[in-house]
Each structure stands twice: as structure tokens, then as C-alpha cells.
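*Asks:*
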Amino acid sequence: MRNFWEQLGKIDRRIVYLFVFLGASAPLFLHVVPKFKASPEVVQAYQAIDELPAGSVVLFSIDYDAASMPELQPLLEAMLTHVFRKDLKVLMMGHWPLGLPLGQIALEKMAKRYNKKYGEDYVFLGYRPGLAAVILNMGKEIRTVFNVDYKGTPLDSLPLMRNIHNYNDIALLVGFEAGAVGDYWVQFAQARFQQKIILAATAVVWPDLYPYLQAHQIVGLIGGLRGAADYEVLVNQPGSASTGMASQTVVHILIVVFILLGNLGYYFTRTWRKPT
Amino acid sequence: MKKEIPLAITFISGFLLIVALFVPHRPFGDLEQRFNDWYIIVAGFTLILGVDSLLAHHWKIIRRRQPGAFHSMALILSFIVTLVWGVWDGLKFGNPFDPASTFLRYFYTYVFVSLQATMFSLLAFFIASAAYRAFRARTSTATLLLVAAALVMLGNVPKGYLAIPPVVAITGLLLAFHFFREGQETAETTMRIVYWGTALVILVLLYPVIQFLYHNLPAVKDWIMNVPHLGAKRGILIGVALGAVAISLRIILGIERTYLR
Amino acid sequence: MFLTLALGLLISQTTPDTLTPPPLIPLPVTHVRAYDKPNDDGGAIVVEWELSPMDSLITKYEIFRLEGSPDAEPVSAGFVLRGTTKFEDVGVQNGKPYYYFVRSWLNSEYMDSEITSEPAIASAQWFHRGRLNALIILVFFVGVLLYFLQRAKSGGELYIRRIAGLEAIDDAVGRSTELGRPILFVLGLEPISNIATLAGLAILKRVAYKAAQYGTKLIVPCFDPVVYVAAQEVTKEGYTEAGRPDLYNEGDVFFLSYDQFGYAAGVDGIMVRERPGAVFLQGYFYAESLILAETGNSIGAIQISGTTAVTQLPFFIAATDYTLIGEEMYAASAYLSKDPLSLATIKGEDLVKLIFILLFLLGSILETISLLTGADLHFLTRFFTTY
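Top line first, the protein sequences correspond to chains R, Y and P. When we follow my numbering, the leftmost residue of the first sequence carries the number 424, and every step to the right adds one. When we follow my numbering, the leftmost residue of the second sequence carries the number 7, and every step to the right adds one. When we follow my numbering, the leftmost residue of the third sequence carries the number 73, and every step to the right adds one.
(1) Helix, strand or coil: how does DSSP classify TYR231 of chain P here?
(2) By alpha-carbon positions, which one of R:ILE641, R:TYR469 and R:ALA652 ends up nearest to LYS509 of chain R?
(3) Would you call the CB atoms of VAL597 of chain R and ALA623 of chain R closer than 8 Å?
(4) Return no unless some Cβ of chain R is closer than 8 Å to the Cβ of GLN332 of chain P.
(5) What does SER484 of chain R touch in chain P if you count any residue whose Cβ is under 7 Å from its own?
(6) Look at the Cβ atom of GLY378 of chain P, then the Cβ atom of GLU400 of chain P, and state whether they are nearer than 8 Å.
(7) What are the complete beta strand (DSSP E) segments, minimum 3 residues, inside the stretch 495–523 of chain R?
(8) For VAL258 of chain P and VAL351 of chain P, what's the separation of their Cα atoms in angstroms?
(9) Can you say whether TYR487 of chain R is buried or exposed, counting buried as having 16 or more other CB atoms within 10 angstroms of its CB?
(10) Can you give me the C-alpha to C-alpha distance between PHE677 of chain R and PHE442 of chain R, rounded to a whole angstrom?
(11) Could you check what DSSP says for ILE130 of chain P in three-state terms: helix, strand or coil?
(12) For ALA359 of chain P, go through chain Y and note every residue whose CB falls closer than 7 Å to its CB, in chain order.
(13) Which one or two residues does DSSP pair with GLY215 of chain P in a beta bridge?
(14) Which class does LEU581 of chain R belong to by DSSP, given the choice of helix, strand or coil?
(15) Leaving aside the five residues before and after GLY272 of chain P along the sequence, list all residues of the same chain whose C-beta is less than 7 Å from its C-beta, in chain order.
(16) Does MET492 of chain R have its Cβ less than 8 Å from a Cβ in chain P?
(17) Whole angstroms are fine: how far does the CA of LEU319 of chain P sit from the CA of VAL245 of chain P?
(18) What is the DSSP secondary structure of TRP198 of chain P, counted as helix, strand or coil?
(19) Assign ASN205 of chain P to one of three DSSP states: helix, strand, or coil.
(20) Any residues in the stretch 111–124 of chain Y with a beta carbon nearer than 7 Å to a beta carbon of chain P? Which ones, in chain order?
(21) Between PRO30 of chain Y and chain P, is there a C-beta pair that is closer than 8 Å?
(22) Grab the span of the alpha helix (DSSP H) containing GLU421 of chain P for me, first residue to last.
(23) Measuring alpha carbon to alpha carbon, tell me which residue in P:PHE326, P:LEU364, P:ASP143 and P:GLU309 is nearest GLY341 of chain P.
(24) Taking the DSSP output, what are the residues bridged to LYS158 of chain P?
(25) Tell me, please, whether the CB atom of THR555 of chain R is closer than 8 Å to any CB atom in chain Y?
(26) In the DSSP assignment, find the beta strand (DSSP E) that holds LEU596 of chain R and state where it starts and stops.
(27) For GLU262 of chain Y, which of helix, strand or coil comes out of DSSP?
(28) In angstroms, rounded to a whole number, what distance separates the CA positions of SER414 of chain P and GLY420 of chain P?
(29) Can you tell me the Cα-Cα spacing of ALA78 of chain P and VAL656 of chain R, whole angstroms?
(30) Measuring straight from C-alpha to C-alpha, what distance separates THR87 of chain P and ASN591 of chain R?
(31) Beta-carbon of ASP448 of chain P versus every beta-carbon of chain Y: anything under 8 Å?
(32) Can you tell me whether THR379 of chain P is helix, strand or coil according to DSSP?
(33) Which residues in the same chain as LYS465 of chain P place their Cβ atom closer than 8 Å to its Cβ, once the five residues preceding and following it in sequence are excluded?
(34) So ILE82 of chain Y packs on HIS64 of chain Y, CB below 8 Å; how close in whole Å?
(35) Across which residues does DSSP place ASN369 of chain P in a beta bridge pair?
(36) Smallest Cα separation from PRO30 of chain Y: which of P:PRO98, P:GLY115 and P:THR102?
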């Protein structure tokens, strides 16, 4: 019996990995989509976009790359759906150069779906190095940072850009964060230029940004795959995030079960060793 | 002189940046931005040094036929392919990430994205093994940590509450059993009554606790995230910020110079 | 109400013989005022107004600037969307007077507001008033530090509590030597401007010193190219201080990748191939923290981690043997060198922290009293608010 409890406290890590693999992949193959309600923070972010009058400009910042794509890409697509349906204008830029093509792919895909025209309804600015310097300079004049778009077209020749000069002309900024860029957006664009911001972050980064939401420095916070799934529910367009919810549920429960097993093993092994 | 000049540069630039924070008037107001621009230029050049170091390191391994030379060859080959393909498409389409470029369509989408996503997805496995190994109820604070972790994990997924009845029941019964045994083993009657009483209270409260958590799990998760989690986090962050001020002053005043040669 | 009035006006004007109704004329915005943007280096004027009563119908507001006098030729300064009451005009020159008015557009119809009565003149300020609180705190902080530095110079006793993670450094290097395995040092992902990276470099120096003494190989793969150059210098210095510059191998401190997960994959590969006996994860980390720490654990290395990234701390605490939490890392170089001047700054920081804790407590009590009694006791909150 003692041996059994000892084994329970020392399960080989490869067995744990096998369970996690099966738990994560099985629901994806079985296409199970659980029903759920969107969480309040995501509803708050959704409303911030929903309240914008048609024609308002929303700036999307792609601050993630392929690693966090499964979490953030479905959210980006859901948000673009919402924004284009509401006839809002989109600017897109990014601080992670290797993630920018992901933004570009999603933007082109959604623009095509909603018949949006480049230069009139959306503009892809691209990437400039400098992070803090870029954010600060954009507060004065976007053209000091991006004088041309990613294709090299001068901004002034794009109809949408003619009246856009700085944060005054941007109704809302949505940062997709897999690192620390969200802090820079808040500390520079919000604190110095009072830019209204929504941050969408991976589950790892999300707790870091929580204090900003509580201090009302950002108007919405969307975290991880769950946040993306919530947004898909709100725009009524279930996608890969909603499908991923079943996997996430199974894996979270699995981890809790493993923690419990580990503790049972630990407790009873220790009890056995106690001198009587 | 080898140390004095860098120390003087550090002091002057550090002091100027402090002044720039309080003086918006030119030439101080835009100093922070100017320094940032300089840093970008310097960092751009060091990247060349970095690439040189990487290639030299692996070239040496290949030349000496050291163990792992195959990996080094794979690295150098990938480096060349990425560089040549990227530059070629850059010249052809004006941008290697142009939607029409083969670099974006094939290399980026099918190689780079998959590799990165694979590395990140390892986290799921590692979180499971680390949680299993580390979350042991060794002390009362460790127990609190693991209970909070389990509640947040279950509260963060749509059907997490389904796991509450068995998990809480087993935990509660284990705790009650623990106190019952402690009571049995103690010789003191008062303590025995206290231990057994605790076990009884746990058993009595078990059902209402399960009921409460089953119906209010997302709210409990939000409370953990908003109150204890944020409190602890702010505490650490304020400490870090004050520590950063102290270490910055140490660097500006030249007391801390370990980063110098 | 104004909307109803406007619509009523529109209906009453529609006579039976007109086929198309006359266009809806928007009502103008009111109370337009312009002033120099405070706390800046000039070149900006803020224009504020109260919304048009028909704001929900407005297409956009256009802001016009008149240079010199109210009769000058108006120039468009920019547009804002409906619901906006503020515009920052950055197209002005310092020292010149400017007047403004706001045009409310409703499709192709518009209505102008009155021109501002007072001119606004942009100017640069020599002091940022919104940061007075930061200046007071800074001066106080520096004062406390200088006091403790003075005390340290005069030979006063300075006690610092034991930090287990730093005590374990020498043991980890020793253990690695006994096993005949190398030591791996990871400096995190942030550039050299991040203080956690600088603190990591200070620890690297100590590890290099010890590794040189024991003659153990030290591998330092770097993420940032600037950090890589600094890491080379620091490691070389550590070896030189230990009197063994001959043991320093330049190829062991190298640049690996500027890509987060490429770097994580690279470091994991080094761990699995080289099987280091001790792994140091010291710096600022992101999502790769656990990938590194778990792999380190799987090869049985003794691991000492340290970071100021609060989100990554739980991962390190779970997966490594010792963790330097937040500011413990910053204290590392002072703690390891036992230099009285460095220790003095830590003492100073502790005193300032104590004062802050007391102020936070006091602030919470005052805010609670204000909430319960309605009294205006917000002065402490106001002091700590940035503008």
C-alpha cells in the first residue's frame, strides 16, 4: 500500500504529458464546443467598441508573434469582424515585426469578407523600431514615424489618413499583447495623451495588465483563449477559440486532478513514515 | 581613465534624463526620445556583432567536429536559407512579407509559425508537470497557494465547476481524516477535542462549501484575482519600483559598477 | 429636446409643394475656449467646447484656427468625432496669438460656433507642475540615501537579512564542479536598459569569479546583442578578478537568437546536450520562463532563478530550487560584494519603503473615513496622483 501512495506522489512526467496531450487533442478532433457566457471584462471591452460612432478610427497594434497566434489570432479576427460590421475605420501597426504578417493576413481576410477598401476603410502602417519613441512621436504626428504605409505609399495620398494626425484622431486603440508592449501603450499613449485603450493579452501576460483595468487606465481587458472565445460569442461567430474551450477545460481539470493525486501521495507517504 | 570616462558618461546621461523628466522646455524635453534613438542605432550595430558571434561559435563546432556539429550545421544552413530567401523576395516584391511573396506564403506560414507555436505549446505540458510536482501541501501557506491555484484554474474555463464536487469532497475528507488522526495521536484531552472538533466542522461544512463553489466559481475566481492576487502583485511591484530607484541612483552615482569591465 | 425642436422646425418648414425636405442644419457647439497646453515644450494649444445639443446626429467637428486676429483667414486645424469636447492643435508656433472656432458638420451642412474671445498663445514651460510630487519624492529619496551613505562612510554598522538564493550561488557552482558539469547562465530577454538585466549581470560576475576559481566551464547564451557584449566583458572581468584570465573562453559567451521561442529552444537544446550541473535564470523573463525552468529541472540541475517579472515568479518558485523575488535581485550585487556604500543604499531604500507603507495605510484610512462620513480627506490621494 505504501508503495502505491509513493508512486502516486512520483508519477513520471511523461505520463503527465501523455494525459495533457490526450486531454488537449481529443476534444479538438471530436469538435466539442461547450456553451458559456462571456465574462464581464470582455463584455466591457465589447461595449467600448460597440458605442463608437460609425467612421471612428480604431488602431490595432500587433504586439505578438506566431507563438501566441492560437490565443490572439481568433480574437483579432473576431474584433475585426465587429469593427467592420460597425463601419469603423481600421489602422494597423505593430511592435513585433515577426508578428505583423499575422495581423496583415487577418486584416486582408476580414476586409475582403466585409468588402472594405484599402486606403478608405483600412490602412496597414507596418512596423518602425523604437517602441517608446514610436508611441511618443505618434502623439504629435503619425507622419513623423510612418510617413508611408507598408507598401511605401505616402500617407497623405490615402483618403483615410488625410484627417488622421495623432491620438486625437484615434477613437480607440486595441493592443494585442504577448509581452511588455501593453505597459508602454498605457504609460505613454494613455498617461501622456489620454488615449482610450483596450488590451488583449495572452493568458500569461493578462494578470500583469489587471491593475490597469482596475485603475481605469484601460477601458477593457481580454485575456487568453477564454477571452477570445468570449468575444466570438459576443459577435456570434464561433471560431477556433470556442472550439479550444473544451480542450482547455479538460486540461485544467486534469491539472487539478494531478495536483490532488500528488498531494494524496505526499500525505499518505508522510503518514506512513511517521514513527508510531 | 578606462573606468572614469564610462562612469562620467553614465552620470551625465542619467542626470540629464532626470532633469528631462521635470523640464519640458527644449533642449531637455525631447532628450528621452533622442537617447532612445541613439540606443536604437547602437543596438542595430551590436546585432551585427551578435550574428558574427553566433556564426563563429557554430563554425568552430563544425570545424572541430565537436559533438552536436550536426545541430550547428542545421543552424548555419537555416540562417543562410532564411537570409537569401528573405532578401530575394524583398527585392522582388519590395517587402519579404508582401502577401504575394513566397517567403510569406511558404517559409513564414509553414515553417516559422509552426516552429514558434510548437515551442509555446510546450508550456501546457510543463505547467502540468511543474504544478503536479510543486503544488504540495507542505505548509499552511503552500496549501493556500494550491487551493487558490486550483480554484482559478477551474474558474477560468467554461465547465470547470463540474470538477468541484469530487475535488472538494476528496480534499475535505482528507483534511477531516488528517485532523481525526492528529486527535487520535495526541495525549492531551483538550487538544484531542480541538482536533476532532475541527474534523467535525470540516465534515459539516463540506456540503455547503461544495454547493457555494459549484454555483459561484467564476465570482470566487474573480475575487481571488482582484483582491489577494492584485494586493500581492502591487506589493511586489512597489518594492521593485523603489528598488529600481535605489539601484538607478547607485549606477548614476557610480557606486554600482559591476556592469563595467 | 433640441432634437425634437430641430425636427419640429424641419417638419413645419416642409410645405406640401416641396418634394424634398430642406436639409437639417446642425446647432453649433458652445463655450469654445483655447489655452496653451500646460507642461509641454510649446507648439500646442488645447481647444475645448461644450457639445452641440444635436451631438448624436453630428457627422464630425472641424476645428478652425485664426492666426493673429479674429478677422484672419481661418485654417482647418483638424477634425474630431462626435462626442469629443477637446482638441489639441499641434500646428502652432510659440508666441503667436491664435483664435479658434468649431464647425459642426451634419453631412454636407454645417454651423460655426462663435470665435474665441481671448487669444491663446503657445509657450514652453521650464517646469512640469504635474510632476511636483515625483520631484518631492525623489529629493526625499536622495536625501535618505545620502544620509545612509554618510553613515556607511563613517563606519556605521549595516545589517542586511540573509537571502537564501544568493547564499546558494557558491554551493551551486561547487556542486557543478564536483559533478564535472558546466554552469549555464541565462540573462533573460530584456535589453541592458532594464534594471533586472543589470542585476543579472552583477550576479553573472560573481558566478564567473567562482567558476574561474573552481575551473568550471561557464556557458552564457544571450538574447539581446547589447547584453551579449556586456556579458562578455563582465564574464572576462570575473575571470580576471579570480586571477584566471587564461581560463576565459570567448566562445562560451555567445549570442543565440533575438526571437523569444527560438531562444528558448536554443537554451533547452544546450541544457539537454551539455547537461549543466547548475542553471542560473537571472533577469527579466516572459512566457519562456517555465520552458527553461522545467527543462533545467528535468536534467537534474540545481537552479537559482531571479526576476522582477511578477507573472513569471510563480513558475520559477514552482520549478526552481531558489528564487530571488523582485527587489532581492537588485540587492544582489550589494549583498555579494558586502560593499558598505552599496549596502547603505539598500538600507535607505528600506526606510523609504517603510515610510511609503505608512503613507499607504494612512491613505487607506483617510479614504475610508471620507467614504463613510463624506469629509474631504483626499489630500494624500491627490498628492500621489500624476497629471
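The beta-carbon is built from N, C-alpha and C at its ideal position, and this holds for glycine as well.
*Replies:* Taking the coordinates as given:
(1) Per DSSP, reduced to three states, the secondary structure at TYR231 of chain P is coil, with no helix or strand assignment.
(2) Here the closest residue by C-alpha is R:TYR469.
(3) Less than 8 Å divides the Cβ of VAL597 of chain R from the Cβ of ALA623 of chain R.
(4) Yes - at least one Cβ of chain R is within 8 Å of the one on GLN332 of chain P.
(5) Neighbours of SER484 of chain R in chain P, taken as residues whose beta carbon is under 7 Å from its own, are absent, since the nearest beta carbon is some 17 Å off.
(6) In this structure, GLY378 of chain P places its C-beta atom within 8 Å of the C-beta atom of GLU400 of chain P.
(7) The qualifying runs are 512–517.
(8) Whole-angstrom Cα-Cα distance: 8 Å.
(9) Flag for TYR487 of chain R reads buried.
(10) It should be noted that the sequence gives Leu, not Phe, for residue 677 of chain R. Their backbone Cα atoms lie some 8 Å apart in a straight line.
(11) For ILE130 of chain P, the three-state secondary structure derived from DSSP is coil.
(12) Those are PHE126 and LEU129, listed as they occur along chain Y.
(13) Its beta-bridge partners do not exist; DSSP assigns none.
(14) DSSP, reduced to helix, strand and coil, places LEU581 of chain R outside both helices and strands of the structure shown, so it counts as coil.
(15) LEU259, GLY260, GLN354 and GLY355.
(16) Against chain P, the CB of MET492 of chain R has no partner CB under 8 Å away; the residue lies outside that interface.
(17) Within the model, the alpha-carbon separation for VAL245 of chain P versus LEU319 of chain P is close to 16 Å.
(18) Shown here, TRP198 of chain P sits in coil according to DSSP, grouped into three states, outside any helix or strand.
(19) If DSSP states are grouped into helix, strand and coil, ASN205 of chain P belongs with the helices.
(20) If you check each beta-carbon in the stretch 111–124 of chain Y against every beta-carbon of chain P, the ones closer than 7 Å belong to GLN122.
(21) With respect to chain P, the C-beta atom of PRO30 of chain Y has a partner C-beta closer than 8 Å.
(22) 412–445 is the span of the alpha helix (DSSP H), which, as asked, contains GLU421 of chain P.
(23) Nearest C-alpha to GLY341 of chain P: P:LEU364.
(24) Bridge pairing for LYS158 of chain P: P:GLU120 [DSSP].
(25) In the sequence on display, residue 555 of chain R carries Ala and not Thr. It does: the Cβ of ALA555 of chain R has a partner Cβ on chain Y nearer than 8 Å.
(26) Segment 595–600, the beta strand (DSSP E) holding LEU596 of chain R.
(27) Coil.
(28) Distance between SER414 of chain P and GLY420 of chain P, taken at the CA atoms: about 10 Å.
(29) Note that ALA78 of chain P has pLDDT 49, beneath the 50 cutoff, so the model's placement of it is unreliable and the number below is only indicative. A straight-line Cα-Cα distance of about 40 Å links ALA78 of chain P and VAL656 of chain R.
(30) Bear in mind that a pLDDT of 46 at THR87 of chain P, under 50, signals an unreliable position, so the number given afterwards is only what the model happens to contain. Rounded to whole angstroms, THR87 of chain P to ASN591 of chain R spans 42 Å at the Cα level.
(31) For ASP448 of chain P, the answer is no, since every Cβ of chain Y falls outside 8 Å of its Cβ.
(32) Here DSSP, grouped into helix, strand and coil, assigns THR379 of chain P to strand.
(33) With chain P represented from 73 up to 459, any question about residue 465 of chain P goes unanswered, as that position is not in the structure.
(34) Confirmed, about 6 Å.
(35) Answer by DSSP bridge pairing: none, since ASN369 of chain P is not bridged.
(36) Residue P:GLY115 is the option with its Cα nearest to PRO30 of chain Y.
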